[in-house]
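Everything below concerns the one structure shown next.
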Amino acid sequence: STAFEQIHTPGLQSRSRCRAAHSPRAFGMVSTRTQGSALPPHGGGRAEAKEAKLALAVSGIFFAFSYFAVLQEDVFRKSYGADNERFKATFLVLVVERGVNTIAGLLGVTLFGGSGVKVPVSAILSSGVSQMFAMAASNEALRYVSFPTQVLGKSCKMVPVMIGGIAAGRKFPASQYVQVAVITLGVVIFNFGKPAKGGGGEDSSYGLTLIGLSLVMDFATSMMQDRVKVATKRANPGREGARTSMFESMLWTNASGTVVALALAAVTGHLTDGVAFCSRHPEVTAAIGLYALASVVGQLFIYFTITEFDPLVLSTVTTTRKIFSTVYSVLRHPSSSLNPVQWSGCGVVFAMLGWEVVEKYVKSLSVKRLSAKTA
2 STAFEQIHTP
12 GLQSRSRCRA
22 AHSPRAFGMV
32 STRTQGSALP
42 PHGGGRAEAK
52 EAKLALAVSG
62 IFFAFSYFAV
72 LQEDVFRKSY
82 GADNERFKAT
92 FLVLVVERGV
102 NTIAGLLGVT
112 LFGGSGVKVP
122 VSAILSSGVS
132 QMFAMAASNE
142 ALRYVSFPTQ
152 VLGKSCKMVP
162 VMIGGIAAGR
172 KFPASQYVQV
182 AVITLGVVIF
192 NFGKPAKGGG
202 GEDSSYGLTL
212 IGLSLVMDFA
222 TSMMQDRVKV
232 ATKRANPGRE
242 GARTSMFESM
252 LWTNASGTVV
262 ALALAAVTGH
272 LTDGVAFCSR
282 HPEVTAAIGL
292 YALASVVGQL
302 FIYFTITEFD
312 PLVLSTVTTT
322 RKIFSTVYSV
332 LRHPSSSLNP
342 VQWSGCGVVF
352 AMLGWEVVEK
362 YVKSLSVKRL
372 SAKTA
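As structure tokens, then:
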């Protein structure tokens, strides 16, 4: 699973609920779509335009992040050269990936303008650092666990969120407790279904610990993003629904991640070792560059989808993408093939993720029907 999908979605759903009152112009983009408005009698053209946008959004997220996952494996799990060397400079990759996203955010702000609100830069910078650490732990884990294990492990992101919420006195629907319990059970089944170590010794305890750390940082990022929204409101009193644009968020979030990743790359030796590795194996350089570009494209399509459509669309696409990437990884690497018990564990996890999507769809229909009755 890509950390991008896991990290960038918290808080965005609440953002989408304000679309009816706030035009997508606030995101530095122009849209002719009016949320909730009925099509005119001869609105076939608008309907077709909406369908074209949906197709663009779905295909953009699916292919960008699917390619992102392939490149992630190529960078961190592939052996290079006669000596079968593996790339270890995780922080160097993050410097490139975060740096490219920072440039994209800067270009967006320059070309489309900002939101016009006072941006809580320090709060966004903090969330960017925790986001970078979540991605670093997730990427580093791939050196010690298989891709399917990483995907399933990251599917447990609701566990730390729920634990933190319960500690804070928050209550959750019974269905969410069931989902978390069953997803955790699926991951347990998957791990107990692994054959005894014989070759490769995949999925070390250290790799699983890194996935756990990534989940904790996902939770911290989610909390910090909530603080960003609160800080934005406080910095802009009297401006209802004040929020930063997508490009402002991209700029400052990735800028802090770039700086911290660069410092850690220098201290840990990832900078010099990574550059030396890339000079010995130029194909890694290409993979890292494409990896960074895929992350930019994926992030832009996520914001586009949230701005133009219901959050359910994003949930559906990302869930489908996880299933596809897992199956494709197994087919692409026969040495990492799964046995029937492991496939059953995968099935349990993905079934619960699918249930979550269906539940959101039912709730969405209920809200629309209620709105229609009160209108």
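Under the numbering used here, residues 2 to 376 are what the sequence shown spells out, in order.
Quick reminder that beta carbons are idealized off the backbone N, C-alpha and C, glycines included.
Outcome for residue i when other beta-carbon atoms lying within 10 angstroms are tallied against a minimum of 16
i: Ala182; result: exposed
i: Lys158; result: buried
i: Phe302; result: buried
i: Arg322; result: buried
i: Leu371; result: exposed
i: Ser326; result: buried
i: Asn340; result: exposed
i: Asn85; result: exposed
i: Val31; result: With a pLDDT of 41 at Val31, under the threshold of 50, the modelled position of that residue is not reliable, and the figure given next carries that caveat. Its Cβ having fewer than 16 others within 10 Å, Val31 is exposed.
i: Ala175; result: exposed
i: Pro41; result: For Pro41, the predicted structure reports a pLDDT of 47, less than 50, and the residue's modelled location is therefore unreliable. A value from the coordinates is still provided. Its Cβ having fewer than 16 others within 10 Å, Pro41 is exposed.
i: Lys369; result: exposed
i: Thr375; result: exposed
i: Glu74; result: buried
i: Val359; result: exposed
i: Leu366; result: exposed
i: Leu108; result: exposed
i: Val285; result: buried
i: Ala56; result: exposed
Residue from the options whose Cα sits closest to the Cα of residue i
i: Phe384; options: Tyr178, Ala168, Ile62, Leu72; result: Since the first and last residues shown for the chain are 2 and 376, residue 384 lies out of range.
i: Tyr178; options: Trp356, Phe191, Val363, Ser367; result: Trp356
i: Thr111; options: Gln300, Leu252, Arg281; result: Leu252
i: His334; options: Arg78, Ser139, Arg171; result: Arg78
i: Thr150; options: Arg171, Leu211, Leu108, Gly170; result: Leu211
i: Ala236; options: Gly170, Met136, Gly117; result: Gly117
i: Ser139; options: Gln180, Gly170, Leu216; result: Leu216
i: Asn255; options: Arg244, Met136, Leu209; result: Met136
i: Lys51; options: Val358, Ile324, Glu309; result: Glu309
i: Arg281; options: Tyr81, Ile324, Lys361; result: Tyr81
i: Arg244; options: Ser60, Val76, Val122, Ala56; result: Val122
i: Gly208; options: Glu141, Lys54, Gly61; result: Glu141
The alpha helix (DSSP H) enclosing residue i, as first and last residue numbers
i: Glu141; result: 122-142
i: Phe351; result: 341-375
i: Tyr207; result: 206-236
i: Asn85; result: That residue, Asn85, is in no alpha helix (DSSP H); it is neither H nor E in DSSP.
i: Glu98; result: 91-113
i: Arg78; result: No alpha helix (DSSP H) holds Arg78; DSSP gives it neither H nor E.
i: Ser377; result: As displayed, the chain neither begins before 2 nor continues past 376, which places residue 377 out of reach and without an answer.
i: Lys155; result: 148-155
Whether residue i touches residue j by CB criterion (7 angstroms)
i: Val120; j: Glu249; result: yes
i: Gly115; j: Thr259; result: no
i: Val146; j: Asp204; result: yes
i: Leu126; j: Ser257; result: yes
i: Val65; j: Ala232; result: The residue asked about is misnamed: residue 65 is Ala in this sequence, not Val. Contact flag unset, no.
i: Val318; j: Phe63; result: yes
i: Phe193; j: Leu153; result: no
i: Val229; j: Ala124; result: yes
i: Met218; j: Tyr304; result: no
i: Asn102; j: Val342; result: no
i: Leu272; j: Ala266; result: yes
i: Glu98; j: Ala352; result: no
i: Asp274; j: Ala90; result: yes
i: Ser156; j: Val350; result: yes
i: Phe69; j: Gly299; result: yes
i: Thr306; j: Ala83; result: no
i: Val331; j: Ser338; result: yes
Q.
I want to know whether the stretch 221-240 touches the stretch 126-134 - three or more CB-CB distances under 8 angstroms.
A. Put simply, the stretch 221-240 touches the stretch 126-134. At least three CB pairs are less than 8 angstroms apart.
Q) Are the stretch 184-191 and the stretch 340-349 touching by the rule of at least three beta carbon pairs closer than 8 angstroms? A) They touch, by the three-pair rule.
Q. Is there contact between the stretch 275-289 and the stretch 90-99, where contact requires at least three CB pairs shorter than 8 angstroms?
A. With the cut-off at 8 angstroms, the stretch 275-289 and the stretch 90-99 touch.
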